[in-house]
Amino acid sequence: MPISVQNMFKERKFPFLFAFSFLLISVTILLFSYSSSSPSLLLSTNFQVSDPLPPPPRPLPSRSPNNVPVSSTKPVSKTTAAASDVDLNVSLDLKWENCQLGPLAVDYIPCLDNWKAIKELKSRRRMEHRERHCPKPSPRCLAPLPIGYKVPVHWPKSRDMIWYGNVPHPKLVEYKKEQNWVRKSGDYFVFPGGGTQFKNGVQSYIDFIHKTLPAIKWGKNIRVILDVGCGVASFGGYLLDKDVITMSFAPKDEHESQIQFALERGIPAILSVIGTQKLTFPDNAYDLIHCARCRVHWDGDGGKPLLELNRVLKPGGYFIWSATPVYRDDERDSKVWKSMVALTTSLCWKIVAKTVDSTGVGLVIYQKPSSYSCYKQRKEKLPPLCEQKTNQNVSWYEPLSYCISRLPVDRMGNLLRWSTPWPQRLSSKPPSLPSEPDAEDIFIEDTKHWAALVSEVYLDGLAISLGRIRNVIDMNAGYGGFAAALIDQPLWVMNVVPIDAQDTLSIIFERGLIGVYHDWCESFNTYPRTYDLLHASFLFKNLKERHFAPLSDAILLT
1289 MPISVQNMFK ERKFPFLFAF SFLLISVTIL LFSYSSSSPS LLLSTNFQVS
1339 DPLPPPPRPL PSRSPNNVPV SSTKPVSKTT AAASDVDLNV SLDLKWENCQ
1389 LGPLAVDYIP CLDNWKAIKE LKSRRRMEHR ERHCPKPSPR CLAPLPIGYK
1439 VPVHWPKSRD MIWYGNVPHP KLVEYKKEQN WVRKSGDYFV FPGGGTQFKN
1489 GVQSYIDFIH KTLPAIKWGK NIRVILDVGC GVASFGGYLL DKDVITMSFA
1539 PKDEHESQIQ FALERGIPAI LSVIGTQKLT FPDNAYDLIH CARCRVHWDG
1589 DGGKPLLELN RVLKPGGYFI WSATPVYRDD ERDSKVWKSM VALTTSLCWK
1639 IVAKTVDSTG VGLVIYQKPS SYSCYKQRKE KLPPLCEQKT NQNVSWYEPL
1689 SYCISRLPVD RMGNLLRWST PWPQRLSSKP PSLPSEPDAE DIFIEDTKHW
1739 AALVSEVYLD GLAISLGRIR NVIDMNAGYG GFAAALIDQP LWVMNVVPID
1789 AQDTLSIIFE RGLIGVYHDW CESFNTYPRT YDLLHASFLF KNLKERHFAP
1839 LSDAILLT
């Protein structure tokens, strides 16, 4: 029975009254102090751990309702200001509006949907229209939700079914109905695990690869994979069961919203294309690269597309190619196969397996050399070896090269060995760690710092249910310590190394994680609503006068 205020005084429940009053005042203060905070799950840490880490980031502007200006002139405390190189005593005058693009606004990606720039292209032969063309200035608008949008289906159920209303693009159902990519069932899209080359299902295809070449040990020596032209990413989705993480990629609208389907399913994926520019990955990143009818002309442009794969493939790594030239002998396919043989021979790639399964679909598995012996023995030194690199982040807006990337070496010039098997490689010393005396100590301390912070604060101290979070992006990943600390959680992390930060992306891949280079003053190559959680640790330190651009672009991701 409820207790009246009069009875409480009679029963002398003053401790209760004091506690209740204190709680009410505290909540009021919190609401007043944080009235400008964003409702998005954007975590920005400023925990101080050691000297190598930069000072805390500046406070973040809010996401406001449509057409409501945001203005703040409130100065920060002297303690905060002293800890940062950036002048935090600034005035904001931001106005948030929905993107005025009609029905296209819900999926708007500024750097991939710059139709004015695309119309002005002189050529599209090399997929230039699928590459980045960022508008100037960067648009400051919010992508609206699709009509009927619902909270996404949770993982692992989402691998097999998603809400139709969240990605209302049914054309792929009709276009790929014979290949069993996706079906519509009531209010859901259902993914049966089929594919162009997966006639017996993707699980059977994965087992067939291992049977064809037992040296491919999923989740051990093969941990990080690149899937080119991935469709709806069922290959990468099913490999997660084997402790393999796959970076699935395809160009925007090559098949309608295939990457959006993948991301809604909770499968790692990104919009990208092998066109005229290098992929935003470091050299020697992937244990294995896969292409199943990925529609890339590997021998085009003098073989530059395959040379780009060679760049991002580890020494001793594998390339699996499942396409009609491998197992058909008509005139066109024979011509492509002959060209592929000549090109792979010039790269010193060795065929380690070639076979056809019970459905008549075949594949060939190549292996990249792990030494220079074959390169030195070539009669014709074409393509040539690339020049030694001196600059970092060379794959950001960098044109494709007609040269063979050099094999990685240590500071003594010795070839680096294959990474430690998974899961040991997550915490072992990365081969490309800098040679400075304290580099390993800094790496170890960074790993310990994030392990403790995630365990003590993120998992227990924040009002976030990680069971409801699947897609996570770390916007300034460093060594990948945040992702490493979350490795046992039912989520995946896209690690981003900003182009104005220390180049640590090779280390992230050597740990068995995935990531990309990016400039946060431009929009990211993904759809709105991709990520459940944005994590930003010291992100704004190096952006200085451009510091507010990343937040508005980041909001488009959630």
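Just remember that this note's numbering sits 1288 ahead of the position in the sequence shown, which is counted from 1.
Note that the Cβ used here is the ideal one computed from N, Cα and C, for glycine as well.
Exposed unless 16 or more other CB atoms sit within 10 angstroms - verdict on D1495: For the purposes of this step, residue 1495 is taken as residue 207 along the sequence shown, with counting starting at 1. D1495 should be labelled exposed.
Whole-angstrom C-beta distance between M1763 and W1808, which should lie under 8 angstroms: Counting from 1 along the sequence shown, the entry for residue 1808 is found at position 520. Counting from 1 along the sequence shown, the entry for residue 1763 is found at position 475. That pair is a contact at about 7 angstroms.
M1628, DSSP secondary structure in three states: Translated into positions along the sequence shown, residue 1628 becomes position 340. Here M1628 sits in helix by DSSP.
Below-8 angstroms beta-carbon distance, R1694 vs any chain D residue: Within the model displayed, chain D is absent; a lone protein chain is all it includes.
Beta-carbon proximity list for M1296, same chain, < 6 angstroms, skipping 5 on both sides: Along the sequence shown, one-based indexing puts residue 1296 at 8. Bear in mind that the predicted position of M1296 carries a pLDDT of just 41, short of 50, making it unreliable; the figure below should be weighed with that in mind. Within the same chain, M1296 has no close Cβ partners at all.
Contained beta strand (DSSP E) runs [length at least 3] in the stretch 1394–1480, N- to C-terminal order: 1449–1451, 1471–1473 and 1476–1478
Closest residue to Y1476 among S1492, V1490 and H1457 (Cα-Cα distance): Position 188 of the sequence shown holds residue 1476. With distances taken between Cα atoms, Y1476 lies closest to H1457.
Sub-8 angstroms separation of P1539 and R1418 beta-carbons: Stepping through the sequence shown from its first residue, residue 1539 is reached at position 251. Stepping through the sequence shown from its first residue, residue 1418 is reached at position 130. Cβ distance < 8 angstroms, so P1539 and R1418 count as in contact.
Euclidean distance between Cα positions of R1511 and P1425: Indexing the sequence shown from 1 puts residue 1511 at position 223. Indexing the sequence shown from 1 puts residue 1425 at position 137. Rounded to the nearest angstrom, the two C-alpha atoms are 40 angstroms apart.
P1613: first and last residue of the uninterrupted alpha helix (DSSP H) it sits in: On the sequence shown, residue 1613 is found 325 positions in, with the first residue counted as 1. From DSSP, the alpha helix (DSSP H) with P1613 extends over T1612 to Y1615.
Three-state secondary structure assigned by DSSP to T1818: As a first step, residue 1818 is located in the sequence shown; it is residue number 530 there, counting from the start. T1818: coil per DSSP, three-state reduction.
Contact under 8 angstroms by Cβ, P1696 with L1688: One-based indexing of the sequence shown puts residue 1696 at position 408. One-based indexing of the sequence shown puts residue 1688 at position 400. Cβ atoms of P1696 and L1688: not closer than 8 angstroms.
Outcome for D1395 when other beta-carbon atoms lying within 10 angstroms are tallied against a minimum of 16: One-based indexing of the sequence shown puts residue 1395 at position 107. Looking at its Cβ environment, which holds 16 or more other Cβ atoms inside 10 Å, D1395 is buried.
Within 8 angstroms, strictly: CB atoms of A1557 and F1797: As a position in the sequence shown, residue 1557 is number 269, starting the count at 1. As a position in the sequence shown, residue 1797 is number 509, starting the count at 1. Result no, Cβ atoms of A1557 and F1797 do not sit closer than 8 angstroms.
Three-way DSSP call (helix, strand, coil) for P1391 in this model: Locating residue 1391 in the sequence shown gives position 103, counting from the first residue. If DSSP states are grouped into helix, strand and coil, P1391 belongs with the helices.
CB of S1659 within 8 angstroms of CB of S1720, strictly: Here residue 1659 refers to the residue found at position 371 when the sequence shown is read from its first residue. Here residue 1720 refers to the residue found at position 432 when the sequence shown is read from its first residue. Result no, Cβ atoms of S1659 and S1720 do not sit closer than 8 angstroms.
Nearest-angstrom Cα separation, counted from L1774 out to P1593: As a first step, residue 1593 is located in the sequence shown; it is residue number 305 there, counting from the start. As a first step, residue 1774 is located in the sequence shown; it is residue number 486 there, counting from the start. Computed Cα separation, rounded: 34 angstroms.
Presumed contact (8 angstroms Cβ cut-off) between Y1685 and I1653, rounded CB distance: Residue mapping note: residue 1685 aligns to position 397 of the sequence shown, counting from 1. Residue mapping note: residue 1653 aligns to position 365 of the sequence shown, counting from 1. That belief does not hold up - the Cβ atoms of Y1685 and I1653 are roughly 32 angstroms apart, past 8 angstroms.
Residue from L1430, L1651 and C1691 with nearest C-alpha to L1670: As a first step, residue 1670 is located in the sequence shown; it is residue number 382 there, counting from the start. Minimum Cα distance to L1670 is reached at C1691.
Delimiting residues of the beta strand (DSSP E) encompassing V1697: Stepping through the sequence shown from its first residue, residue 1697 is reached at position 409. Premise fails: V1697 is in no beta strand (DSSP E) and is neither H nor E.
C1399 beta carbon less than 8 angstroms from that of R1428: Here residue 1428 refers to the residue found at position 140 of the sequence shown. Here residue 1399 refers to the residue found at position 111 of the sequence shown. No, Cβ-Cβ distance for R1428 and C1399 is not below 8 angstroms.
Proximity winner among R1758, A1393, W1625 and V1441, relative to K1642 (alpha-carbon distances): Locating residue 1642 in the sequence shown gives position 354, where the first residue counts as 1. Comparing Cα positions, the closest option is W1625.
Stretch pair the stretch 1808–1818 + the stretch 1572–1587: three plus CB contacts closer than 8 angstroms: no
Distance between Y1493 and L1501 (C-alpha atoms, nearest Å): Against the sequence shown, residue 1501 aligns to sequence position 213. Against the sequence shown, residue 1493 aligns to sequence position 205. If I take the Cα positions, the gap works out to 13 angstroms.
L1827, DSSP secondary structure in three states: Mapped onto the sequence shown, residue 1827 falls at position 539. The answer is coil: DSSP assigns L1827 none of H, G, I, E or B.
Anticipated Cβ contact below 8 angstroms, L1559 with I1547, distance rounded: As a working note, residue 1559 is residue 271 in the sequence shown. As a working note, residue 1547 is residue 259 in the sequence shown. Rounded, the Cβ-Cβ distance is 5 angstroms, consistent with contact.
Rounded separation between D1618 and A1630 - CA only: Taking the first residue of the sequence shown as 1, we reach residue 1618 at position 330. Taking the first residue of the sequence shown as 1, we reach residue 1630 at position 342. Rounded to the nearest angstrom, the two C-alpha atoms are 18 angstroms apart.
6 angstroms CB neighbourhood of D1621 in its chain, flanking five on each side removed: For the purposes of this step, residue 1621 is taken as residue 333 along the sequence shown, with counting starting at 1. Taken in chain order, the residues that qualify are T1612 and P1613.
Between the CA atoms of D1589 and F1569 - distance to the nearest angstrom: Working through the sequence shown from its first residue, we reach residue 1569 at position 281. Working through the sequence shown from its first residue, we reach residue 1589 at position 301. One C-alpha to the other measures close to 21 angstroms.
Assumed close pair D1734, G1766 - CB separation to whole angstroms, cut-off 8 angstroms: Position 446 of the sequence shown holds residue 1734. Position 478 of the sequence shown holds residue 1766. That pair is a contact at about 7 angstroms.
Assigned exposure category for L1741 - 16 Cβ within 10 Å defines buried: In the sequence shown, counting from the first residue as 1, residue 1741 sits at position 453. L1741 should be labelled buried.
Alpha helix (DSSP H) runs contained entirely in the stretch 1660–1722, provided each spans 4 or more residues: 1661–1665
Cross-strand partners of D1515 (DSSP beta bridge): The residue labelled residue 1515 in the question sits at position 227 within the sequence shown. DSSP, once it has assigned bridges, lists S1536 and H1578 as partnering D1515.
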